[in-house]
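What follows is a set of notes on a single structure, which appears directly below.
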Amino acid sequence: MSKLIPLDGRVVLKGIEAEETTKSGIIIPGAKEEKPKVFEVICVSEGRRMDDNTLRPHLIKKGQKVVCSQYAGDDIEIDNVTYKIISEDSVTAVIQD
Numbered sequence: 018m019s020k021l022i023p024l025d026g027r028v029v030l031k032g033i034e035a036e037e038t039t040k041s042g043i044i045i046p047g048a049k050e051e052k053p054k055v056f057e058v059i060c061v062s063e064g065r066r067m068d069d070n071t072l073r074p075h076l077i078k079k080g081q082k083v084v085c086s087q088y089a090g091d092d093i094e095i096d097n098v099t100y101k102i103i104s105e106d107s108v109t110a111v112i113q114d
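The sequence shown begins at 18 in our numbering and counts up by one.
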């Protein structure tokens, strides 16, 4: 299996599939065809190197659920799983359960 190691302030995300039914059991047509908008953080780089050469640590952590634009970053498929590599700045929200 290949391993993705993000560099310079980037994170690797894996899409979380859209629910096909609501909690009350209503089937949502076309839910599977939508691109994910909620992602799980798979790994993060060591941080972003700033202009003064200091390292700014990430605000998000591995395992968190986050929201970002479905068109942000680069998509890559490894072992039949699609991952998204984006800058931490492109993450718009963290979902807290």
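The C-beta atom is built at its ideal place from N, Cα and C for all residues, glycine as well.
Here G80 is exposed, its C-beta having fewer than 16 other C-beta atoms within 10 Å. At the C-beta level, S62 and L24 come within 8 Å of one another.
S86 sits in coil when the DSSP states are folded into three classes, being neither helix nor strand.
Excluding five sequence positions before and after R73, the CB atoms of its chain that fall closer than 6 Å to its own CB belong to G64, R65 and M67, given in chain order. Minimum Cα-Cα distance from S104 among the listed residues Y88, I112 and Q113 corresponds to Y88.
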